[in-house]
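First residue of the sequence shown? That's 116 in my numbering, and the numbers climb one at a time after it.
What follows is a short report on a single structure.
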Amino acid sequence: MVKPSNDRVTVCYLQELKKQKKKISALTAYDYPIARLLDEAGVDIILVGDSLGMVVLGYETTLPVTMEEMIHHTKAVARARKRAMVIGDMPYLSFHLSLRDSIENAARFIKEGGADGVKLEGASPARLKLVEALVEAEIPVMGHVGLTPQSVRKIGGFRVQGKEAEQAEAIFRGALALEKAGAFSVVLESVPAELAAEITSALKIPTIGIGAGPHCDGQILVVNDMLGLTSDYLPRFVKKYADLSGVISAAVQNYIAEVGRGSYPEEAHCYHLKKENAGLARKVRQKVAGKKRRPVS
Ligand code: KIV
């Protein structure tokens with residue numbers, strides 16, 4: 116049975132949604148106010164993505180993002196959510212270490228960050244071993260295959276993956292292997308819709324697509340992209356649901372203009388001394404700054 120919508124989203128709930136062919140909604144978030152809005156709107160999964168590096172911290176890629184940055188932002192997101200599942204994205208070089216160090220890093224997302232699970236990119240044999248070990252350590256894992264941005268140096272850019280047979284097979288095998296290793300779901304990023312559809316029907320765990328067509332069990336977008344907060348180039352799979360850049364620019368220009376002409380703040384925005392204390396400010400000025408200078412008109 117699918118749980119009522121105000122209960123916490125769990126791994127079982129997501130798997131039940133897949134069984135019932137109900138779609139899963141996921142978005143990234145990096146801070147308290149946006150996470151609160153997403154949670155209140157009813158999104159199922161909030162991913163604290165390492166896209167943080169590119170859309171919030173101004174890095175060119177996700178590679179410089181650190182564990183400290185990820186934990187800091189995961190804490191803020193976890194404080195805001197009531198219902199959604201919060202997943203922390205393991206940053207580059209946080210899970211390419213010894214099994215022990217990688218597990219410790221993943222556990223920080225749960226113990227310090229307040230996340231419900233972690234996501235990690237790739238499906239190499241070492242990665243699969245780590246997924247098994249994390250599941251053994253009671254840490255739910257979301258896999259990620261297709262375009263894996265942490266491999267941007269190897270791939271040579273942010274391009275669609277799996278258009279040719281060899282790569283498509285590797286992605287398919289990777290998704291199956293992640294399921295076998297115990298991942299509870301897998302992100303398919305920038306792969307042909309036809310390939311994503313076949314993977315989705317072959318897997319028992321839910322697929323979450325980003326640039327992977329409509330047949331995945333769920334969809335995820337980077338929240339800054341879909342809200343129109345990203346000024347750079349956007350991939351074709353992004354749909355802008357709002358133009359918050361436009362809204363923010365107009366508001367700030369309006370503020371600057373009003374401050375400039377003195378029409379902000381208005382009376383409604385001011386605090387005043389009580390009538391019986393009307394002379395207090397003048398007295399304080401005289402005491403502190405002396406009597407000689409003329410009062411401000
Ligand atoms: O970091 C991120 O935002 C992601 C999503 C694009 C899936 O990995």
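By construction, the Cβ of each residue, glycine as well, lies at the ideal position given by its N, Cα and C atoms.
Remember, it's a predicted structure, so these values are computed and weren't measured experimentally.
Would you give the residue range spanned by the beta strand (DSSP E) that residue i belongs to?
{"i": "Q334", "result": "G333 to L336"}
{"i": "E304", "result": "S300 to E304"}
{"i": "D234", "result": "In the sequence under discussion, the amino acid at residue 234 is Lys, which differs from the Asp named in the question. Segment G232 to K234, the beta strand (DSSP E) holding K234."}
{"i": "H77", "result": "With the chain covering 116 to 412 only, the question about residue 77 has no answer from this structure."}
Suppose you measure from the CA of residue i to the CA of residue j; what does that come to, to the nearest Å?
{"i": "I320", "j": "F287", "result": "14 Å"}
{"i": "V250", "j": "A317", "result": "21 Å"}
{"i": "G168", "j": "T181", "result": "9 Å"}
{"i": "G324", "j": "E155", "result": "22 Å"}
{"i": "S300", "j": "L235", "result": "11 Å"}
{"i": "K402", "j": "K390", "result": "20 Å"}
{"i": "A230", "j": "P264", "result": "22 Å"}
{"i": "V267", "j": "C385", "result": "53 Å"}
{"i": "K133", "j": "A308", "result": "18 Å"}
{"i": "L208", "j": "I186", "result": "15 Å"}
So, helix, strand or coil for residue i, using DSSP?
{"i": "D340", "result": "helix"}
{"i": "S166", "result": "coil"}
{"i": "S65", "result": "Because residue 65 is not part of the residues shown, which for the chain are 116 to 412, the question remains open."}
{"i": "L310", "result": "helix"}
{"i": "A144", "result": "coil"}
{"i": "T322", "result": "strand"}
{"i": "I371", "result": "helix"}
{"i": "H330", "result": "coil"}
{"i": "P119", "result": "Unreliable placement is indicated for P119, whose pLDDT of 48 sits below 50; no coordinate value is reported for it."}
When burial is assigned at 16 or more other CB atoms within 10 Å of the CB, is residue i buried or exposed?
{"i": "D165", "result": "buried"}
{"i": "E304", "result": "buried"}
{"i": "S346", "result": "exposed"}
{"i": "G79", "result": "Residue numbering for the chain in the displayed model covers 116 to 412; residue 79 lies beyond these limits and cannot be assessed."}
{"i": "Q135", "result": "exposed"}
{"i": "H259", "result": "buried"}
{"i": "V367", "result": "exposed"}
{"i": "R196", "result": "buried"}
{"i": "A393", "result": "exposed"}
{"i": "V256", "result": "buried"}
{"i": "I160", "result": "buried"}
Which residues mark the beginning and the end of the alpha helix (DSSP H) in which residue i is found?
{"i": "S217", "result": "L214 to K226"}
{"i": "A280", "result": "A280 to A296"}
{"i": "H387", "result": "Counting along the chain, H387 falls outside any alpha helix (DSSP H), and DSSP gives it neither H nor E."}
{"i": "M200", "result": "Taken as a continuous stretch (DSSP letters only), M200 belongs to no alpha helix (DSSP H), being part of the beta strand (DSSP E) at M200 to D204."}
So, residue i versus residue j, is the Cβ gap smaller than 7 Å?
{"i": "G203", "j": "G228", "result": "yes"}
{"i": "L243", "j": "S217", "result": "no"}
{"i": "A150", "j": "A141", "result": "no"}
{"i": "A290", "j": "I254", "result": "no"}
{"i": "D358", "j": "L349", "result": "no"}
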